[in-house]
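A.B. asks: As numbered in the numbering used here, residues 14 to 315 make up the sequence shown, in order. Questions regarding the structure given below will be posed in turn.
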Amino acid sequence: MNSGILLVDKPQGITSHGVVSRVRKAADTRKVGHAGTLDPMATGLLVVGINSSTRLLTFVVGLDKTYEATIRLGVSTTSDDADGEVISVSGAADLASDRILEAMTPLTGDILQVPTTVSAIKVDGKRAYDLARQGIDVELKARPVTVSRFDVVERRDATHEGTPVIDLDVVVDCTSGTYIRALARDLGSALGVGGHLTALRRTRIGPFGVDGSVAVDDLDADAVDARLQKPADVARILFDVLQLDAQQTIDLGHGKKLEVERDDTPGPIAAITPEGRLLGLVSVTQGRAKPIINFPTDEVRA
Numbered sequence: 014m015n016s017g018i019l020l021v022d023k024p025q026g027i028t029s030h031g032v033v034s035r036v037r038k039a040a041d042t043r044k045v046g047h048a049g050t051l052d053p054m055a056t057g058l059l060v061v062g063i064n065s066s067t068r069l070l071t072f073v074v075g076l077d078k079t080y081e082a083t084i085r086l087g088v089s090t091t092s093d094d095a096d097g098e099v100i101s102v103s104g105a106a107d108l109a110s111d112r113i114l115e116a117m118t119p120l121t122g123d124i125l126q127v128p129t130t131v132s133a134i135k136v137d138g139k140r141a142y143d144l145a146r147q148g149i150d151v152e153l154k155a156r157p158v159t160v161s162r163f164d165v166v167e168r169r170d171a172t173h174e175g176t177p178v179i180d181l182d183v184v185v186d187c188t189s190g191t192y193i194r195a196l197a198r199d200l201g202s203a204l205g206v207g208g209h210l211t212a213l214r215r216t217r218i219g220p221f222g223v224d225g226s227v228a229v230d231d232l233d234a235d236a237v238d239a240r241l242q243k244p245a246d247v248a249r250i251l252f253d254v255l256q257l258d259a260q261q262t263i264d265l266g267h268g269k270k271l272e273v274e275r276d277d278t279p280g281p282i283a284a285i286t287p288e289g290r291l292l293g294l295v296s297v298t299q300g301r302a303k304p305i306i307n308f309p310t311d312e313v314r315a
């Protein structure tokens, strides 16, 4: 199987690792990874790397993301989503839309967010969700994140075991590391009624959209081969390009520094061969291009 990036639409009820396992079977290789975990409850885009293209995932994980979500106001849970146990039911029938929008404003922009307790963040070397399941109180520190968009698409009246509540369909654009569950929790807290997430779908990671993804149920060798994006094509999307000539291709492939006429760039630049293959990623300092990552010539798709 060749190297490349595959966009996969994760269904509800399966872990991100479960998707990776399915891709490994379909691609007939163990070397598969993904950029950015989705909870089992969540659906949507996973960016999956196959073989040497797993090296590109490092540069995808930190990209901005877009989510579509449903927040239920009037009910709080232990995990801040529908998979947790209900800990309070206040109801939210009388909340005015203007008041909800007003409460969303402080949750937009550059904010400090306390991650949800049931998260994969490590505390003293242990995952927060493991400590929470053991009944240990976990206090996570607030982290800076940016929520550039937090919009209500639709408001619906609903009930929870007979108690009137409100469901909000929202769209969120945010930086990596933002917890949408925490937004639901904090919105409910600000309104004094509690809140949690009942649905979550990731639709974008950086330049990659879920519209170009393959469904998990359609994963087989043919689907992987047809949908696999070449490393060079992905690199052109993510990075500036250094177009190599034949001699530069040989020299860089041997790990040599290249004399180039371009400004200093510490971040990755995609070095592309005359045949259109991704040879590697380089940095440029004082007119010299130095390899950061090389890609094996016998594996990368030409």
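Idealized CB from N, CA, C, for every residue including glycine.
1. Within 10 angstroms of its Cβ, does Ser-3 collect 16 or more other Cβ (buried), or is it exposed?
2. Could you tell me which residues DSSP pairs with Leu-58 in its beta bridges?
3. Are Leu-108 and Thr-130 touching if we call contact CB-CB under 8 Å?
4. Taking the alpha carbon of Pro-119 as the point to measure from, which residue in Ser-202, Ala-106 and Glu-174 has its own alpha carbon closest?
5. Which of the three DSSP states, helix, strand or coil, is assigned to Thr-188?
6. Ignore the nearest five residues each way along the sequence and tell me which others in Thr-321's own chain have a CB closer than 7 Å to its CB.
7. Name the DSSP bridge partner or partners of Gly-300?
8. Considering just the uninterrupted stretch of the alpha helix (DSSP H) at Arg-37, what are its terminal residues?
9. Of the choices Thr-176, Pro-24 and Val-185, whose alpha-carbon is the least far from that of Ser-103?
10. For a test of the three-state rule: what should DSSP assign to Pro-119, helix, strand or coil?
11. With a Cβ-Cβ cutoff of 8 Å, do Val-88 and Gly-207 count as a contact?
12. Kindly indicate which residue of Lys-269, Val-295 and Arg-43 has the alpha-carbon position closest to the one of Arg-275.
13. Pull up the distance between the alpha-carbon of Pro-244 and that of Ala-39, whole angstroms please.
14. Per the contact definition of three or more C-beta pairs closer than 8 Å, is the region 177 to 187 in contact with the region 69 to 87?
15. Less than 7 Å between C-beta atoms, sequence neighbours within five positions excluded: which residues of the same chain meet that for Leu-271?
C.D. replies: On the basis of the data shown:
1. It is not possible to answer for residue 3, since the shown part of the chain is limited to 14 through 315.
2. Asp-22
3. no
4. Ser-202
5. coil
6. Because the chain here runs from 14 to 315, residue 321 falls outside it and cannot be looked at.
7. DSSP, once it has assigned bridges, lists no residue as partnering Gly-300.
8. First-last of the alpha helix (DSSP H) with Arg-37: 29 to 40.
9. Thr-176
10. helix
11. yes
12. Val-295
13. 19 Å
14. yes
15. Non-local C-beta neighbours of Leu-271 in its own chain, meaning closer than 7 Å and more than five positions away in sequence, comprise Gln-261, Asp-264, Leu-265, Arg-301 and Ala-302, ordered along the chain.
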